[in-house]
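Chains as they are written, first to last, in numbering that gives the first Met the number 0: chain A, 0 to 417; chain B, 0 to 148.
Positions of the beta carbon are idealized from the N, C-alpha and C atoms, including for glycine.
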Amino acid sequence: MNEVSPIAASSALAFEVQRVREDFPALHQDVHGKPLVYLDSAATSLKPQSVIDAVDDVYARDCANIHRAVHLLSQRATARYEEAREKVRTFVNAAKKTELVFTRGTTEAINLVAQSWGRSNLEQGDEILVTELEHHSNIVPWQMLCQQTGAKLVVVPMTDRGEILREAFEQQLSERTRLVAMAHVSNALGTVVPVVELIELAHERGALVLLDGAQAVSHVDVDVQALDCDFYAFSGHKLYGPTGIGALYGKERLLDGMPPYQGGGDMIRSVTFEETIYNELPYKFEAGTPNIAGAIGLGAAIDYFSSFDPQAVRAHENAVLRYANEVLEAVKGLRLIGTAPGKVAVLSFLMHSAHPHDIGTIVDSEGVAIRTGHHCAQPVMEHFGIAATARASLGMYNTTDDVDALVSALQEVQELFG
Amino acid sequence: MDLRELYQEVILDHGKHPRNHRFPEPHNREGRGYNPLCGDKIALRLQLDDDTISDVGFIGQGCAISQASCSTMTEAIKGKTLPEVQALFSKFHTMVTSEDGSDDDLDALGKLAVFAGVREFPMRVKCATLGWHTLNQALRNEGGEATTE
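In structure tokens:
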């Protein structure tokens, strides 16, 4: 693999990836007696020490419930929780803090919109448009909603390279389309969907747009005002933050008109047995004690991520991706799945001789962690007539050395399977 | 953890060239198995005469472990009675899930003993047992699908 020029080396210097790696304790361990090579950030990213410390500190120091007691610990916890919301607002450039609802993650954010907005707005015959690229979490909530309302799920097909083209999208849009729910970036293939122009088209037809940003937030710029999307859902754990926390952005006028998703504490202003008055935004959608430490950890992750020039992070990741593309294409019997011109951080592939599951086990024994399976995107697999792929995915801490380790582990696959 | 312990020659061979990879005719029992985690699929048919499996075959796709396991299973159970088959599954299951292999009955398992290495790879136990679960489902003749989840 050495005949390929290490193009990442020069751009990596500016970004100082080796220093970044020092911030991630999980990188510094051996697995099966080999140094860990983590190439599964599309499943979940590793966490920098500052995020781990922030979560730890909540439980060690500011351990209290929020929005409740007058005591000091509760004041501190409340302040930090709300600071985290402000960090999320800045990160996605929402106009107002009230437009950001903390959720368990992307999945819960999408379900919130489906059950709250969807059930009160959709009728028999209305259409919800998704793309063939979607993760199951951006398919199933809409299928459930269709069963409940009689609405119809319509699918925009993708090309064999894994792209969503404007023409195909336009063809599936109709007068009955009420909502477009689509991935900003595909988790299975890494395709960046041209959401700006698709949102414009949808809005021209009077449809709202929800973006599933789970795979996007750590790899592309997200500015919800510039995108003009109506909802944006994402998770903290793919942005170097904790699991079990995410956020839903919604335009204020829409969130205002939506009924609560769940009932419980914190989402009410007053309760009697005759009547309950709901709290203001965003608390109307945050029933029950939330994941306080998770939200604060997400805030710390945004602080960490924002301490770098985002363009330098992207340039580094793209250089590693280009390098990986070159060297993987040179591996005999390897076929990349998903070759859209605009893609980030994901290399899905098949090998002629071995099933993805076997590839996963073999490279794991060499210390290389990749994902194998359908990546919760079975329609994508079906498009290519396959059951599974092996998927290597990148984070800001990955280097061309990691890619070389993968390629050399793949040689072990070839030795075993021929 | 040694890969060659897992991917023994017999397994690689049966994975590439599964035996009894066809549906027997006639057949009177049928089962389907699916491992949703990795998409391994098995469709198994067999002819049960009294309590003897006179013929068995399968069509499947998936990883080397799942296909090789099903392939060697079909060889091992053909001509056996139901109690014999159950005893074999029980021994096989013990072998791939036990901590240290001290209870292994390798003589009784014969060629199936090549799957002993699976116990070192907990994520792959479901691959190795998918064929057996599918067989059990076929023998119960319940219809539906055996799943590893």
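Checking the sheet assignment: what are the DSSP bridge partners for residue i?
i        : result
Asp29/A  : Pro34/A
Asn317/A : None, per the DSSP bridge assignment.
Arg28/B  : Leu45/B
Phe40/B  : Rather than Phe, the amino acid found at residue 40/B in this sequence is Lys. BP columns for Lys40/B point to Tyr33/B and Gln60/B.
Ala94/A  : For Ala94/A, which the question treats as bridged, DSSP gives no partner whatsoever.
Val191/A : Val184/A
Ala75/B  : DSSP lists no partner for Ala75/B.
Lys342/A : Thr190/A
Leu178/A : Ile127/A and Leu207/A
Leu333/A : Met350/A
Ala145/B : Gly32/B
Val55/B  : Leu45/B
For chain A, check one thing: does any of its Cβ atoms lie closer than 8 Å to the Cβ of residue i?
i        : result
Ala145/B : no
Ala67/B  : no
Arg18/B  : no
Arg123/B : yes
Gly78/B  : no
Leu43/B  : no
Gly38/B  : yes
Indicate whether at least one CB of chain B lies closer than 8 Å to the CB of residue i.
i        : result
Phe168/A : no
Val415/A : Here the sequence assigns Leu to residue 415/A, which means Val is not the residue at that position. Chain B contact via Cβ: present.
Asn1/A   : Confidence is the limiting factor: at Asn1/A the pLDDT is only 43, short of 50, which leaves the residue's position unreliable and the question unanswerable from this model.
His134/A : no
Gly337/A : no
Gly372/A : yes
Glu196/A : no
Ser407/A : no
Ala11/A  : The pLDDT assigned to Ala11/A is 39, lower than 50, so where the model puts this residue is not dependable; a value taken from the coordinates is nonetheless given after this. Cβ-Cβ to chain B under 8 Å: no for Ala11/A.
His382/A : no
Asp39/A  : no
Pro5/A   : Low confidence applies to Pro5/A: its pLDDT is 46, below 50, so where it sits in the model is not reliable enough to give any reading.
Asp418/A : The structure shown does not extend to residue 418/A, since chain A spans only 0 to 417, so no value can be given for it.
Ala8/A   : Note that Ala8/A scores a pLDDT of 45, beneath 50, so its modelled location is shaky and nothing firm can be said.
What in chain B is Cβ-close to residue i, meaning under 8 Å?
i        : result
Ser269/A : Ordered by position in chain B, no residue passes the 8 Å Cβ test against Ser269/A, which lies about 45 Å from the chain.
His351/A : Going along chain B, no residue has its Cβ under 8 Å from His351/A, so there is no contact; the nearest lies around 12 Å.
His236/A : Per Cβ cutoff of 8 Å: no residues; His236/A is ~20 Å from chain B at best.
Asp29/A  : By Cβ distance, chain B contributes nothing, its closest Cβ being about 12 Å from Asp29/A, past 8 Å.
What residues of chain A sit near residue i, judged by a beta carbon separation below 8 Å?
i        : result
Gln60/B  : Ala386
Phe120/B : Thr360
Along chain B, which residues have their Cβ under 7 Å away from the Cβ of residue i?
i        : result
Ile361/A : Leu2
His354/A : Gly61, Cys62 and Ala63
Return the first residue and the last residue of the beta strand (DSSP E) that residue i is part of.
i        : result
Val184/A : Note, Val184/A: premise wrong, no beta strand (DSSP E); not H, not E.
Ala246/A : Gly245 to Gly249
Thr298/A : The residue you asked about is not Thr; residue 298/A is Gly in the sequence shown. First-last for Gly298/A: Ile291 to Ser305, but that is the alpha helix (DSSP H), not the beta strand (DSSP E).
Ala167/A : Run containing Ala167/A: none in the beta strand (DSSP E); it sits in the alpha helix (DSSP H), Arg165 to Gln171.
Ile267/A : Ile267 to Val270
Ser44/A  : Taken as a continuous stretch (DSSP letters only), Ser44/A belongs to no beta strand (DSSP E), as it is neither H nor E.
Phe230/A : Phe230 to Ser234
Compute every distance between the C-beta of residue i and the non-hydrogen atoms of the ligand FMN, then say whether any falls below 7 Å.
i        : result
Glu122/A : Looking at this structure, you won't find the ligand FMN or any other ligand, since it has none at all.
What is the residue span of the alpha helix (DSSP H) that residue i lies within?
i        : result
Ile361/A : Pro355 to Ser364
Met225/A : In the sequence as presented, Met is not what sits at residue 225/A; that position holds Ala. Here the alpha helix (DSSP H) through Ala225/A covers Val223 to Leu226.
Tyr58/A  : Gln48 to Ala59
Thr398/A : Run containing Thr398/A: none; DSSP gives neither H nor E here.
Thr158/A : Looking at the DSSP string, Thr158/A is not in any alpha helix (DSSP H), and its letter there is neither H nor E.
Ile369/A : Unbroken run through Ile369/A: none, as it is neither H nor E.
Ile276/A : Element bounds for Ile276/A: not the alpha helix (DSSP H) but the beta strand (DSSP E), Thr275 to Tyr277.
Ser392/A : Not the alpha helix (DSSP H): Ser392/A falls in the beta strand (DSSP E), residues Thr388 to Ser392.
List the residues of chain A whose Cβ lies closer than 9 Å to the Cβ of residue i, in chain order.
i        : result
Gly130/B : Residues of chain A passing the Cβ test: none, with the nearest at roughly 15 Å.
Gly32/B  : The premise fails here: Gly32/B is roughly 13 Å from chain A at the closest Cβ pair, so nothing lies under 9 Å.
Tyr11/B  : With the sequence shown as reference, residue 11/B is identified as Leu, and Tyr is not the correct amino acid for it. Near Leu11/B (Cβ distances below 9 Å), the residues of chain A are Leu415, Phe416 and Gly417.
Between residue i and chain C, is the shortest Cβ-Cβ distance under 8 Å, so that the two count as touching?
i       : result
Gly38/B : Of the protein chains in the structure, A and B, none is chain C.
Inset, instruction - Return the chain-ordered ranges of every alpha helix (DSSP H) run that is complete within the stretch 101-151 of chain A and spans a minimum of 4 residues. - result: 105-111 and 139-148
Inset, instruction - Return the chain-ordered ranges of every alpha helix (DSSP H) run that is complete within the stretch 114-146 of chain B and spans a minimum of 4 residues. - result: Counting whole runs of 4 or more residues, the stretch 114-146 of chain B contains the alpha helix (DSSP H) stretches 124-139.
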